[in-house]
Amino acid sequence: MKIRHLLQLFCFALLGLPGFAAQAEEKLYIYTSMKESLIGELKKAFVAKHPDIKMDYQSAGAGKLMAKIAAERESGTILADVLWTSEVPDFYQLKAQGVLQPYVPAEIKALVNPLPEYDGSFTAVRLGTLGIAYNTRLIKDAPKTWADVQKPAFKGAYGIANPALSGTAYMSVSLLVKAFGWPYIEGLRANGAKMGKGSGQVVDDTASGDLLASLAVDYITLDKVDKGATLTLAFPPEMLVIPSPIAIFKGSPNTVAAKKFIDFVLSKEGQTIVANEGTLPVRADVKVPDRFHLPPVAEAMNRAIKIDYKQLMAEKEATIKKFTGIMQK
Amino acid sequence: MNNAGTSRSGTPQILFGLAVGILVIFVAVPVLLIFFNALWVHGRFNVADVVNVLREPDTYKALLNSLILASGVTVTGTLVGTFFAWLVTRTDLPYKGAMKVLFLVPFMLPSFIGALAWKMLLSPRSGYINRLFVDVFGFDGPVFNIYSYGGIIAVETMYLFPFVFIQVCGALERMDPTLEESARISGADLFTITRKITIPLVLPSILSGSLLIMLYSMAHFGTVAVLGIEAGIYNIPTLIYERIHQSAGSFDAIRTGTVLSMVLVFTAAFIIWLQNKVLARGRYQIIAGKSFRPAELKLRGLRVPLLLFCFAYIGFTIVLPTTTIFMVGGLRTYGLPFALENMTLDNYHHILFEWDLTRDAIWNSISLGLASALITMFAGVIISYVIVKMKVRGKGLLEFLGMLPFSVPGSVIALGVILAWSGKFGINLYNTVWIILIAYIARYMAFSLKANSAALEQVHDSLVEAARASGATMWQALRDIVIPLVRPGMVAAFFLIFLPALRELTVSVLLYGPTSRTIGVAIYTLSEDGRFRSRPRSRARRVRGHAGAVRLRQDHDAAHGSGLRRYR
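If you read the protein sequences in the order shown, they are chains A and B.
For what it's worth, this note's numbering labels the leading residue of the first sequence as 1, then goes sequentially.
For what it's worth, this note's numbering labels the leading residue of the second sequence as 330, then goes sequentially.
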């Protein structure tokens with residue numbers, strides 16, 4: 001192949017790269033760790049309602065998004081208008097650093113608010129729950145309490161995601177330690193419990209039988225159950241309920257559109273989409289489809305282990321270190 | 330250059346300037362910027378983080394692990410890569426053309442996918458192969474444990490040996506077989522010829538390939554994260570990943586991560602220095618002004634056993650895991666047993682025909698792969714020329730700058746690129762496809778430099794001197810003599826960049842915007858959803874894309890052959 005041909009190829013390749021055309025309409029850009037199916041559905045419904053708003057999103061793990069935001073802040077401007085993940089401590093930290101623009105949605109009265117000292121800086125838009133996912137091909141007696149997975153039936157095959165990589169795993173571990181103390185984690189390890197990479201991976205491994213059970217996020221498990229995985233999600237009496245907050249960045253040029261989006265996600269229509277993905281909504285008047293077998297919102301809130309976010313943030317490094325130390329002993 | 334009035338002697342200067350400019354501005358600046366930001370906080374040297382990193386016992390444990398894993402992978406990968414390269418280029422092994430293509434397949438798959446496939450096959454508890462041994466052959470316990478140093482080294486080797494394979498293939502194709510023939514006439518046997526003649530002559534390519542394997546493995550996160558966590562094996566990249574992922578949106582945490590990645594930079598600098606020491610001891614300029622035509626060694630009695638060995642290797646390390654992945658792609662959801670009632674084509678159908686992101690992603694990845702591979706290939710050959718052939722002060726620095734981005738994890742590069750190109754210095758490419766292009770050039774420059782340097786090491790200075798003595802300008806000598814002779818190196822560089830760029834993940838996932846999703850991002854989006862089963866779909870497409878790439882390579886080879894004939 002001649003150099004000239006390579007150059008032609010090169011020009012062709014450059015033509016393929018889309019340019020950046022200026023848009024006149026209202027714009028909205030969202031950073032979210034919500035899965036593609038949820039944010040995709042919401043976008044479809046939102047754009048149908050507000051055709052004048054050009055909405056787009058970047059979905060990636062919360063850790064990646066926060067690293068991106070850190071670099072963006074360091075170099076001047078945050079690109080996104082709205083942030084929506086499940087890492088509540090991140091939001092407290094951003095609020096403390098004065099990066100969030102408070103907005104109290106009109107419908108706040110109709111919502112379940114799990115966040116103390118609420119001032120509108122960020123609002124919970126769904127309630128994630130974690131339980132024990134177990135493989136029904138291999139486990140016949142459903143675990144009923146958190147202590148059940150310390151029994152010989154689960155020896156060497158109970159998994160927890162790495163809390164250093166997954167904020168949800170960190171919060172769960174921290175709440176379990178708060179409720180049952182470190183001996184609970186040591187008991188798990190004594191029974192051969194393992195640390196897995198991410199929240200999705202431990203559920204995948206449970207479905208394949210590599211693990212018999214795992215500390216699992218509701219929508220990840222229920223989505224797989226929907227598709228035929230032989231999994232059941234059991235909720236012990238003490239529930240782990242972890243809200244997913246949404247917030248607007250200070251200095252965003254699109255706050256009007258951002259507010260419309262938050263209002264939409266909190267509306268009955270938006271919350272129905274959330275509930276259909278197998279997570280608890282924040283509205284009492286929206287029901288999760290029965291096939292998911294999730295407890296009603298009010299009951300879940302009553303059974304939930306109470307969260308002290310300040311403590312959660314202060315102890316993060318120490319807790320992760322101690323947990324990793326125990327699990328990799 | 331488009332101006333007819335420009336004097337011809339201006340062209341080389343412009344090209345050299347352009348190449349060095351690309352190297353400094355695109356490749357070096359982002360990484361240097363992130364280190365500057367890491368070490369210099371509010372006008373003061375960041376002592377606290379440096380001390381913390383140096384005092385943390387984890388750092389040394391991780392560094393030790395990194396070195397153990399990287400050395401293991403480098404040794405096995407170099408042996409495997411060199412052996413197969415020799416087998417498919419210099420012997421009369423049957424089906425070697427097809428095998429050459431098959432050996433490249435692992436290079437087209439993200440290694441974390443490979444790690445997952447192997448986990449499915451060899452995990453002690455439910456791995457299919459272990460189950461086979463226990464259930465069918467009546468073993469007491471699992472035979473293999475993939476969650477170990479050995480397991481990680483084996484998996485990384487399978488996916489990294491093409492670094493050596495591609496380059497050594499090129500080197501063997503362009504080496505002078507008369508040397509081997511004279512040894513043969515003097516009565517040396519096949520083994521002696523290989524050991525004493527062939528291997529030493531292609532040493533630059535072997536070393537440059539193993540250097541790339543070593544640096545890649547040192548900075549590689551995926552396989553260790555998937556396979557190491559159970560056994561408590563971690564390395565420097567997994568530590569960096571953890572720090573960066575706990576940033577909570579503030580740059581302070583990222584600083585610790587980047588300070589940590591300087592450990593990798595120092596290690597890389599040492600490895601590069603070591604390689605140059607080794608290379609400086611020998612003479613490898615084997616392409617002199619003589620004719621040469623490739624001669625094949627007759628394997629005779631070894632022909633069939635070696636063929637069977639290749640089939641076994643390809644079957645076990647390439648076909649088996651790849652088939653596993655495709656089978657999983659057909660499952661309704663990851664984790665179900667492979668039974669007919671659990672299989673469906675919906676997944677493939679959904680990704681190929683329904684998911685609107687797929688087409689954009691494929692298009693973007695192919696354009697980005699082509700553009701970055703071509704730019705990097707041309708810039709790399711010019712910079713390599715400066716490094717290998719010219720006597721310029723500071724050329725060692727050029728090489729170091731070019732290798733720098735490769736010695737740190739991709740996420741660190743991506744953060745550096747955001748710092749450099751999101752408007753702080755007047756140019757804002759953020760959220761466009763251009764920023765990904767720049768990041769790819771930065772990340773892959775090392776491949777091009779290594780492949781081209783190795784090729785240039787073998788070109789004898791006398792050729793250029795002869796051209797110059799006959800009145801050719803520097804530029805003419807370069808264009809008419811050097812470039813055609815190092816074309817195999819350039820082609821190797823192109824594929825070393827194009828193939829991984831097609832599936833690039835770590836950098837793209839931090840840089841992509843609404844119009845610039847790549848195949849890697851699409852796969853990642855699906856896998857983060859806990860929808861592992863959905864991944865292979867885009868891979869099916871990619872493999873088709875690769876078939877095209879492979880054809881392209883054969884075209885290159887044909888052109889290369891004719892190009893050489895002109896210089897005989």
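From the three backbone atoms N, C-alpha and C, an ideal C-beta is built for every residue, glycine too.
Note that the structure is a prediction, hence the values are computed from the model and not measured.
Point to revise | Partners in chain B for ILE69/A, counting only beta-carbon separations shorter than 7 Å | key: GLY578
Practice item. Leaving aside the five residues before and after GLU909/B along the sequence, list all residues of the same chain whose C-beta is less than 7 Å from its C-beta, in chain order. Key: With chain B covering only 330 through 897, there is no way to say anything about residue 909/B.
Review point. Starting from TYR389/B and walking both ways along the alpha helix (DSSP H), at which residues does that stretch end?
Key: 386-419
Exercise for review: Ignore the nearest five residues each way along the sequence and tell me which others in ALA229/A's own chain have a CB closer than 6 Å to its CB.
Suggested key: The answer, listed in chain order, is ALA207.
Exercise for review: Could you name the residues that DSSP lists as bridge partners for THR129/A?
Suggested key: VAL241/A
Review point. Start and end of the alpha helix (DSSP H) containing SER799/B?
Key: Neither: SER799/B is in no alpha helix (DSSP H) and is coded neither H nor E.
Exercise for review: In angstroms with no decimal places, state the Cα-to-Cα distance between THR918/B and SER539/B.
Suggested key: Because chain B here runs from 330 to 897, residue 918/B falls outside it and cannot be looked at.
Exercise for review: Give a single yes or no on whether VAL850/B has its beta carbon closer than 8 Å to a heavy atom of the ligand PLP.
Suggested key: In the structure shown, the ligand PLP is absent, as is every other ligand, since no ligand is present at all.
Check your understanding: Who are the near neighbours of VAL402/B in its chain, counting only those whose CB is closer than 7 Å to its CB and skipping five residues on each side?
Key -> Counting only Cβ-Cβ distances below 7 Å, and skipping sequence neighbours, we find ILE482, GLU485, THR486, LEU489, ILE542, SER546.
Exercise for review: Would you mind telling me which residues of chain B sit closer than 7 Å to ASN276/A, beta carbon to beta carbon, in chain order?
Suggested key: None at all; the shortest Cβ gap to chain B is about 15 Å.
**Study point:** chain A contact for LEU831/B (CB, 9 Å cutoff)
**Key:** no
**Study point:** Start-to-end residues for the alpha helix (DSSP H) that takes in LYS35/A
**Key:** Counting along the chain, LYS35/A falls outside any alpha helix (DSSP H), and DSSP gives it neither H nor E.
Review point. Would you say ALA80/A and ILE132/A are within 9 Å of each other, going by their C-beta atoms?
Key: no
Check your understanding: Whose CA, out of ILE601/B, ALA399/B, TYR478/B, TYR773/B, lies closest to the CA of ILE826/B?
Key -> TYR773/B
Practice item. Report the three-state DSSP secondary structure of ALA668/B (helix, strand or coil). Key: Here ALA668/B sits in coil by DSSP.
Review point. So, is ASN113/A buried or exposed, given that buried needs 16 or more other C-beta atoms within 10 angstroms?
Key: ASN113/A comes out exposed.
Check your understanding: CA-CA distance, PHE364/B and TYR769/B?
Key -> 19 Å
Check your understanding: Closer than 9 Å, CB to CB, is ASP52/A near chain B or not?
Key -> ASP52/A does not count as touching chain B.
Review point. Hey, how far is the Cα of ASP387/B from the Cα of ALA548/B?
Key: Cα atoms of ASP387/B and ALA548/B: separation of roughly 16 Å, rounded to the nearest angstrom.
**Study point:** Residue-chain proximity (LYS197/A, chain B), Cβ-Cβ < 9 Å
**Key:** yes
Point to revise | Best match in LYS43/A, SER214/A, MET301/A for proximity to PRO51/A [C-alpha to C-alpha] | key: Of the candidates LYS43/A, SER214/A, MET301/A, the residue whose Cα lies closest to the Cα of PRO51/A is LYS43/A.
Point to revise | Where the alpha helix (DSSP H) through GLN58/A begins and ends | key: First-last for GLN58/A: 53-59, but that is the beta strand (DSSP E), not the alpha helix (DSSP H).
Point to revise | GLU302/B vs GLY739/B beta-carbon contact at 9 Å | key: No answer is possible for residue 302/B: the residues shown for chain B start at 330 and end at 897.
Review point. Between LEU501/B and THR521/B, is the Cβ-Cβ spacing less than 9 Å?
Key: no
**Study point:** Inter-residue CB distance, THR567/B and PHE550/B (contact presumed, cutoff 8 Å)
**Key:** 6 Å
Exercise for review: Determine the closest residue to THR552/B out of ILE601/B, SER395/B, ASN693/B, with distance taken between C-alpha atoms.
Suggested key: SER395/B
Point to revise | Stretch pair the stretch 457-464 of chain B + the stretch 369-388 of chain B: three plus CB contacts closer than 8 Å | key: no
Check your understanding: Where do the N-terminal and C-terminal ends of the alpha helix (DSSP H) with ILE185/A fall, by residue?
Key -> 182-190
Check your understanding: Considering only the beta carbon of each residue, do PHE413/B and TYR642/B sit closer than 9 Å?
Key -> yes
Check your understanding: What residue from ARG808/B, LEU603/B, TYR570/B has the CA that sits closest to SER590/B's CA?
Key -> TYR570/B
Point to revise | Burial state of ALA67/A, where buried means 16 or more other Cβ atoms lie within 10 Å | key: Around the CB of ALA67/A, 16 or more other CB atoms lie within 10 Å, so the residue is classed as buried.
Exercise for review: Specify whether the stretch 421-430 of chain B and the stretch 440-452 of chain B touch according to this definition: at least 3 beta carbon pairs, one from each stretch, less than 8 Å apart.
Suggested key: They do not touch, by the three-pair rule.
**Study point:** Closer than 8 Å at the beta carbon, the chain B residues around GLY228/A
**Key:** Within chain B, ARG661, THR662, LEU665, ASN671 have C-beta atoms less than 8 Å from the C-beta of GLY228/A, given in sequence order.
Point to revise | C-beta atoms of ALA62/A and SER33/A nearer than 9 Å | key: yes
Exercise for review: Can you tell me which of VAL820/B, VAL793/B, HIS789/B, THR761/B puts its alpha carbon nearest to the alpha carbon of THR844/B?
Suggested key: THR761/B
Check your understanding: Over what stretch of residues does the beta strand (DSSP E) that includes LEU368/B continue unbroken?
Key -> Where LEU368/B is concerned, there is no enclosing beta strand (DSSP E), although the alpha helix (DSSP H) it sits in stretches over 358-368.
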